[in-house]
Structures are given as structure tokens and as C-alpha cells.
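Chains as they are written, first to last, in my numbering: chain Y, 86 to 481; chain B, 282 to 628.
Positions of the beta carbon are idealized from the N, C-alpha and C atoms, including for glycine.
Since the structure comes first, as C-alpha cells, the remarks are kept for the end.
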Amino acid sequence: MTATTSGQVISDRQQLAYIASQAADARVNVELETEGMTLNIGPQHPATHGTLRIIARLDGEQVIWAEPSAGYMHRGYEKLTEVRSFPQVTALINRIDWLGSFANEVPFILAAEKLMGIEAPPRAQYIRTILFELSRIANVTLFLGDLGVQLGAITPVFFAFRDREYALNLIEAATGGRFHPNFDRIGGLKDDLPKGWIDEAKATMKKMKQFCDTIEDLLFGNEIFQIRTRGIGVIPKDVAMSYGLSGANARASGIDWDLRRDQTLPMAWDKADWKVITHPAGDSFARCWVRLQETREACSIVEQLVDNIPAGPIMAKVPRIVKVPEGEAWVSTENPLGEMGYYVVSKGDTGPFRVKIRSASFNNISITPWLLKGVFVPDIITILASLYFILGDIDR
Amino acid sequence: MLATLPYWGVSLIRILGGIVAVLLPAGSIVYIFLFKMMSFMQSRLGPMEAGPYGSMQLFAEVGKWLQKEDLAPDGADKRLFKMAPLIVLASTFLLVAVVPFGPDAWFTNFEAGVFYALAVSSVSVLGILMAGWSSANKYSLMGGLRAAGQLIAYELPMVLAVIGVVIQAGTMNLQQIVVKQNNDKIFGLHFLGNPYILTQFVGFIVFMIAVQAELTQTPFDMPIAESELVSGYMTEYSGFRFLIFFIGEFATAGVFALIASALFLGGWGVPFSWFGWHNIGDVANWMNVVGPLIMFVKMMIVVFLIMWVRFSFPRFREDQLQRFAWKVLIPIALANIMLTAILKVAF
Chain Y
86 MTATTSGQVI SDRQQLAYIA SQAADARVNV ELETEGMTLN IGPQHPATHG TLRIIARLDG
146 EQVIWAEPSA GYMHRGYEKL TEVRSFPQVT ALINRIDWLG SFANEVPFIL AAEKLMGIEA
206 PPRAQYIRTI LFELSRIANV TLFLGDLGVQ LGAITPVFFA FRDREYALNL IEAATGGRFH
266 PNFDRIGGLK DDLPKGWIDE AKATMKKMKQ FCDTIEDLLF GNEIFQIRTR GIGVIPKDVA
326 MSYGLSGANA RASGIDWDLR RDQTLPMAWD KADWKVITHP AGDSFARCWV RLQETREACS
386 IVEQLVDNIP AGPIMAKVPR IVKVPEGEAW VSTENPLGEM GYYVVSKGDT GPFRVKIRSA
446 SFNNISITPW LLKGVFVPDI ITILASLYFI LGDIDR
Chain B
282 MLATLPYWGV SLIRILGGIV AVLLPAGSIV YIFLFKMMSF MQSRLGPMEA GPYGSMQLFA
342 EVGKWLQKED LAPDGADKRL FKMAPLIVLA STFLLVAVVP FGPDAWFTNF EAGVFYALAV
402 SSVSVLGILM AGWSSANKYS LMGGLRAAGQ LIAYELPMVL AVIGVVIQAG TMNLQQIVVK
462 QNNDKIFGLH FLGNPYILTQ FVGFIVFMIA VQAELTQTPF DMPIAESELV SGYMTEYSGF
522 RFLIFFIGEF ATAGVFALIA SALFLGGWGV PFSWFGWHNI GDVANWMNVV GPLIMFVKMM
582 IVVFLIMWVR FSFPRFREDQ LQRFAWKVLI PIALANIMLT AILKVAF
């Protein structure tokens, strides 16, 4: 590690890559030798699971310069929310991070509740938290399987899809929707939990913990996996902070920061005993490892909360036609992909006047030009996989 | 029986036999391992609709590919592009020519058999490079270049691993290597013969790793690397040219497994002591029928190892792959050769 004059800490590897890139430029300038090659990775490419485009300038297999080009899947959610009423918006924003849909609804509903000055009853808070963690499990499970595919191991992904189905079944049993529950309401929830759901949840959490063990054996213990991920795509702590990384990507760089613990929201995370996982290394392996451990923690949160769900109503007193008083509110939560927040501006109407969506993947992916300099082409895929983005979460 | 046939009859039988020897292993490998074993490892059933337990699936797939248009990209070097898959398949056919299947069931039987096999196995590199270059696609080009580097690098440990066997057998004729393994004794015991996997175990491991890389199977599948290079040198291929690449891939796996079983596992033979045979002249005629079956079983066992690794491991990066070849495999293979030579002189 060396510090440059601008105070930025870069690794030796990145410094060498910088020198190599300068040398490559010089070569091109004097028309002596090979030119580089510009490779468009995407918009259609097996590794970008969506329509992300990475423009990479290559010297052989080494990346000199890379830039992500987002926006191929822009769906205009911020604008669409302005022509919908508050209860309708949840059906939309479900689709931002489509793997952990319920988690998208929660911060928006919390922001609306904050403006109206109401709070969901304790039972609703518990069930919200449980469903939130279930969507985290459903989301990260797919990441753990997909990681194998990106690195060339095809078997783990099938285990991931098989076991993710258990978590989706739970969400479906409670909400009626597997992918897009649209279950959260201002002041509470649409329905109570069905009969027998709690036992089912406990059994499923056991299965998910087993799945974590399987993946740890299959992938994380594999020597090839380790040499492919350890020391690849290292993000130092201050760089992670300056690019606004959040979620597991930040925690893998040693930043002990988790919005579930660090802010007080009307949710039930403080009622369970769990810990924030961090890793000092900041490389791809750390990011994957942190996510694996977080899945385990999420399972234990669900296990603890389902035992202690308090009795009572699931809906606060809310008028039939929701009119949110004039004001502005910002609520963000620790979503599966990182910090997700909504800045809601209301003019006292049935719908929001303006909503700014802060989604985690957009910030997480913004570090790629810095991170991809000097790596090899296969490492682009490792780094993108370990940064873990959902295209809907980038483009909104 | 073969001796009584005219020359053209023998040739015809051998040509038909060669086609069977390439296509039958390829088909059974694809069905048993790619369709079924992989599915069971991944907790799914695999194809179940076409035929009983999906056994006709392969014919359905072949039918589908044959119907597709024979596309070539606009910028492609058309002649090379169309020729490349044929060269890859030709390498497989050339390779199977030296494999003995029984005392008289062989296609050709000449002294430098091992040398010839190792030489023609690298012909496929030409086809792959041609495919990569002529596709006018950056991914294909990178795949082709990776393949060239990888296949040439792993040729060396493969040759070195085989040299141990050649030293021990004292011949490069594959038929005689098989006979020697079944006729020899180990520690004075005739019972098992002397399959070289017992004495050349290190060589066998090195050979199998090199074969894995030669076949571009995971963990050495960087030339194809579907998550990085889309499909590497095969990206632009479709229709029957893709089918030829596909058959070539699995047929070559079968042929390399046949060569591995001939070199290390005793080939078509059973230990000669079981029937009181003393040289190849004594071997009963029915071995020409049983021998191919024994070869088939041994081939399936070897391919099982290849496929097991393929479905379990992530892939290397190509610099790590080269490091593995030059810094690990080649020194081990060289040490194995020296040890074999010393022991050969000592005993």
C-alpha cells in the first residue's frame, strides 16, 4: 500500500497497472506497437445478469480503463410515483430490487408513516421485520449460487434455486406473492400471518442454515475459488467510504456500519440478538464471505422473532383515503444490497409530489472504474459478481 | 475371420468401426454424464420427455441443430470459419486410429503409436485457433488465443506423463503396451497382470489433469468460459457446425479416456494368467468381441472422473493455469520420469 499525493491509498498492483496503462498510451502515441482493444461487456452478456454495459479498454487481457454504462433498463420509477397514490406506490417499487422485493416497500412506507405521524402496531413491526429478513435471505441465496456460475462452477446455482424456493414459499404463504408481495400498508400490514406459518418458518430457517453450510463447503472451501477471489478487487476502507458503498460491500472493507443497528426505526431488529459481520480484507472473498455470514444472521433473526411476535392488531388507525400531510421525510434501511432510502416530498395530496430513490447498487457499481483498472478480464467478472448488483436497482 | 476377407472388406469394417468408436462413446458420454449425472449431482432429473428417461434426447437435439441455418457472420473469414469445426473433429478421428480394442480389433497398429497420438491430438488447436480468428468477434478471438496458450502448455505435461509408461513398457506401440500390462507380473504376482496405474500412479494423475486441460473442461475451461467470453471460440457458431464442435468435444473426451485406459488401465485385455495365455498369439478370438466392451467400461470410468471434476469445480484464471502447468505439473512429471528410469535400470 502506498499513498499518493492526493492522499488516496492505492495498492501496489493498482499502481503497477497505472504505470502499465501510461506505458500502453505511450506506445500507441508513438505508433510503435499494438493498440489496445475496446471490449463491450454487455448490454447483453451472460455475466451482467441484466443489461449493464461495461466498456473496457484492454491491453491483451489486462484492463487499462473501464467504465460502466447504466441506463439500458431505466423504467422511470421516480417520475411514475408522482402520478400514483401512496398505497399504489408499493406495487411499483417492489420491482426495483426484484429479488428482495418486500425490503423495497418498507423504507417508503416508513417515510409515509413518518410524515403522517403514525406508527405501526408492535405485531405489524415484528412481521415486517421477519418478512424483511426473509427477502434478504431470498436475495442473498441467489447471490451465493450465482457466484459459482460466474466463477465457472455450475452446480451450486441449482442448490441455491432449490433452497431459495423454501424462502419464497414462506413469503408466498404470508403475502400471496412470491416475487412481488405488495403487502406493506401505511400503518401496518395487509393481513396477519396464516395458521401454521411460524412452525413452517422455523423448519425453513433450519434448511437455509444447512444451505449456508453446503455453500461454504462447496464454494468457499474450494482452493480454486479462494485463489480466484482472495486479493482480487481490493477496496480500502477510505475508498469505500468516498464512493458511498453500503451494505455488505462496505462491511467487507472493515466499515462497521449497519442501518439495522445504527438507527432507531419502528422495526423489531433491536428485539433480536444478532451481530454485524465485518471483514478487514476488502477483497472479493471478503464480500462473498460477509454475505454468507449475513444470511446466517438473518436466519437467526427470523428464528428469534417468530417466537416472540406480540399479540394485537396489525393495522393502526388510518383513514380510508390516505392523505399525507405536507412535508418532507427521508428514511433509509439496510436492504439486501445496501442502503436503500426514499426522500418523499408531499404537498398534502393523496400521492407524493416527488420521490427521490437512493438505491444501493447504483452507488456500489460506481466504484468499478476505479476498481477495474489493471485487473484481468476474468477478474472483471469476479469483481462484478462480488459487488453484487441488481440491474433494476441500478437503473430504477 | 478378418484374415479371410479381401482388403477392401477389412478397410470398410475398419472405417465403420472408426465411426462407431467415435460417435458411440460421444453419445453415451453426453447422455449418461452430461444429461443424467450432472442433473443428479444438481438435484434435478434432467431430460425425461424424449424416450424412456430421456434417452432419445440426444437425437432430438441433433435433429434440432441440423435444422438450423448455417450462419456465418458478415465480417468472418468464411472459408476458415466453415472449415474450423471439421478440423477439430478430424483430430478426434485421427486420434482413435491408434487405439487397440482387441488382439485383432485395431484400426492401425504401428510402432510409434503413442508418439502419433500425442502429435495428432494437437491438430485440434489449429481448428480452435481458426475458429477464434475467423469469427471476427473479440470474444472468439480471446477464446481462441486462450485455447492456443492452454493446449500447447498442457501438451508438455501430457507427453512427460506418457514417457514414464513408455520407459516402463519399453515400446511406443499401444497394442504392445496393452499386452505387456496384462502379461507382466507385479511383485512376482501374476494375478492382476501389471496395469501401469499401479506403478505410474503419479503419471496417471498428471496425465488426467493434462487431459482435463486439453479437453477444455472445467476447471480449465477458460477458452469457453461462458460467464466471461460468452462461449469463447464457439460464440458465432450455430447449427450443424456447432454440433460438430459439440460432438468433437465429447468424442475427444472419450478417445482420450480410451488412450488413458490403454496406457494405464490395461486396455482391452484381461490378465493373461487367468486363461493361461503367454503372449498375444495365445489370446482367444472372442477377446475381439469382449475387448471393446472392456474398453468401453474402462473409458466410462475414466470419463466419469473427468466429468465429476467438471461439474464440481470453479475455473482457474489463465495466468494461474499456466503457473500450474509450468511450476507444478511439469516438475512432478519430470521427477516421475527420472524415478521410473532409475527403477527400470535397477530392476
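Practice item. Note the first and the last residue of the continuous alpha helix (DSSP H) segment covering Q147 of chain Y. Key: Careful: Q147 of chain Y lies outside any alpha helix (DSSP H), inside the beta strand (DSSP E) at 147 to 154.
Check your understanding: From I212 of chain Y to P351 of chain Y, what distance separates their C-alpha atoms?
Key -> Roughly 12 Å separates the two Cα atoms.
Review point. Which two residues bound the contiguous alpha helix (DSSP H) that contains E285 of chain Y?
Key: Per DSSP, E285 of chain Y belongs to the alpha helix (DSSP H) from 282 to 300.
Review point. The ligand FMN heavy atoms versus the CB of Q100 of chain Y: any closer than 7 Å?
Key: The ligand FMN is not part of this structure, which contains no ligands at all.
Check your understanding: Is E517 of chain B near A357 of chain B, with beta carbons less than 8 Å apart?
Key -> Contact flag set, yes.
Check your understanding: Would you call the CB atoms of N449 of chain Y and L330 of chain Y closer than 8 Å?
Key -> In this structure, N449 of chain Y lies near L330 of chain Y, with their beta-carbon atoms less than 8 Å apart.
**Study point:** As assigned by DSSP and simplified to three states, the class of T363 of chain Y
**Key:** T363 of chain Y falls in the coil class under three-state DSSP.
Review point. By the 10 Å Cβ neighbour count, where 16 or more other Cβ atoms means buried, how is P395 of chain Y classified, buried or exposed?
Key: By the 10 Å Cβ count, P395 of chain Y comes out exposed.
Point to revise | Buried versus exposed call for G484 of chain B [16 or more other C-beta atoms within 10 Å across all chains shown] | key: The C-beta of G484 of chain B has 16 or more other C-beta atoms within 10 Å across all chains shown, which makes the residue buried.
Check your understanding: Cβ atoms of I540 of chain B and V380 of chain B: under 8 Å apart, would you say?
Key -> For the pair V380 of chain B and I540 of chain B, the CB atoms are nearer than the 8 Å cut-off.
Exercise for review: Measure from the alpha carbon of V303 of chain B to the alpha carbon of each residue in B:I575, B:V536, B:W567, then state which is nearest.
Suggested key: Out of B:I575, B:V536, B:W567, the CA that lies nearest to the CA of V303 of chain B is found in B:V536.
Exercise for review: Alpha carbon to alpha carbon, how far is I140 of chain Y from E152 of chain Y? Give it in angstroms, no decimals.
Suggested key: Looking at the two C-alpha atoms, the distance is approximately 5 Å.
Practice item. Would you check if the stretch 443 to 463 of chain Y and the stretch 594 to 611 of chain B touch, i.e. whether three or more CB-CB distances between them fall below 8 Å? Key: Because the criterion of three Cβ pairs below 8 Å is met, the stretch 594 to 611 of chain B and the stretch 443 to 463 of chain Y touch.
Exercise for review: Measure the C-alpha to C-alpha separation of V626 of chain B and G451 of chain B and round it to an integer number of angstroms.
Suggested key: Take the alpha-carbon of V626 of chain B and the one of G451 of chain B: they are about 12 Å apart.
Point to revise | Inter-residue Cα distance where the pair is M581 of chain B and G547 of chain B | key: The C-alpha of G547 of chain B is placed about 14 Å away from the C-alpha of M581 of chain B.
Review point. How would you label Y328 of chain Y, buried or exposed, when you count the other beta carbons within 10 angstroms and need 16 or more for buried?
Key: Classification for Y328 of chain Y: buried.
Review point. Going by DSSP, which residues form a beta bridge with V416 of chain Y?
Key: Bridge partners of V416 of chain Y: Y:Y427.
Practice item. Enumerate in chain order the residues of its own chain whose CB-to-CB distance from L255 of chain Y is below 7 Å, with the five nearest sequence positions on each side excluded. Key: Listed in chain order, the non-local C-beta contacts of L255 of chain Y below 7 Å within the same chain comprise L219, E285, A286, T289, local neighbours out to five positions each way being set aside.
Point to revise | Buried versus exposed call for T380 of chain Y [16 or more other C-beta atoms within 10 Å across all chains shown] | key: Result: buried.
Exercise for review: Could you list which residues in chain C have their beta carbon closer than 7 Å to that of K419 of chain B, in chain order?
Suggested key: The displayed structure is made up of protein chains Y and B, and chain C is not among them.
Review point. So what's I394 of chain Y in DSSP terms, helix, strand or just coil?
Key: Taken through DSSP and simplified to helix, strand or coil, I394 of chain Y comes out as coil.
Exercise for review: Alpha carbon to alpha carbon, how far is L422 of chain B from F488 of chain B? Give it in angstroms, no decimals.
Suggested key: Per the coordinates, the alpha-carbon of F488 of chain B lies some 28 Å from the alpha-carbon of L422 of chain B.
Exercise for review: Report the residue from B:D351, B:L470, B:V395 whose alpha carbon sits nearest the alpha carbon of N454 of chain B.
Suggested key: Out of B:D351, B:L470, B:V395, B:V395 has the C-alpha closest to the C-alpha of N454 of chain B.
Exercise for review: Report the three-state DSSP secondary structure of D351 of chain B (helix, strand or coil).
Suggested key: D351 of chain B: coil per DSSP, three-state reduction.
Review point. Along chain Y, in chain order, which residues have C-beta atoms closer than 8 Å to that of D502 of chain B?
Key: Chain Y residues near D502 of chain B: G237.
Review point. At least one CB of chain Y closer than 8 Å to the CB of E509 of chain B: is that the case?
Key: Any Cβ of chain Y closer than 8 Å to the Cβ of E509 of chain B would place that residue at the interface, and such an atom is present.
Practice item. Pick out whichever of B:L326, B:L399, B:K363 has its Cα sitting closest to the Cα of L410 of chain B. Key: Nearest C-alpha to L410 of chain B: B:K363.
Review point. If we cut at 8 Å on Cβ distances, does T289 of chain Y have a partner in chain B?
Key: T289 of chain Y does not count as touching chain B.
Check your understanding: What three-state label does DSSP hand K317 of chain B in the structure shown?
Key -> K317 of chain B falls in the helix class under three-state DSSP.
Check your understanding: Could you give the distance in angstroms between the alpha-carbon of T497 of chain B and the alpha-carbon of I313 of chain B?
Key -> Each residue's alpha carbon lies about 19 Å from the other.
**Study point:** Local Cβ density within 10 Å of G477 of chain Y, reported as buried at 16 or more and exposed below that
**Key:** In this structure G477 of chain Y is buried. Its beta-carbon is surrounded by 16 or more other beta-carbon atoms within 10 angstroms.
Exercise for review: Please state if the CB of R376 of chain Y and the CB of A325 of chain Y are separated by a distance shorter than 8 Å.
Suggested key: No, the Cβ-Cβ distance between A325 of chain Y and R376 of chain Y is not below 8 Å.
Exercise for review: Give the DSSP-derived three-state secondary structure of V487 of chain B in the structure shown.
Suggested key: In the structure shown, the three-state DSSP call for V487 of chain B is helix.
Check your understanding: Tell me which same chain residues have a C-beta within less than 6 Å of the C-beta of A378 of chain B, skipping the five on either side of it?
Key -> Excluding positions up to five away in sequence, the list reads F388, T389.
Review point. For P172 of chain Y, which residues from the same chain have a beta carbon less than 8 Å from its beta carbon, with the 5 sequence-adjacent residues on both sides left out?
Key: So the list reads R270, I271, V407, once near-sequence residues are dropped.
**Study point:** Cα-Cα separation between G423 of chain Y and D343 of chain Y, rounded to whole angstroms
**Key:** Rounded to whole angstroms, the gap between the alpha carbons of G423 of chain Y and D343 of chain Y is 9 Å.
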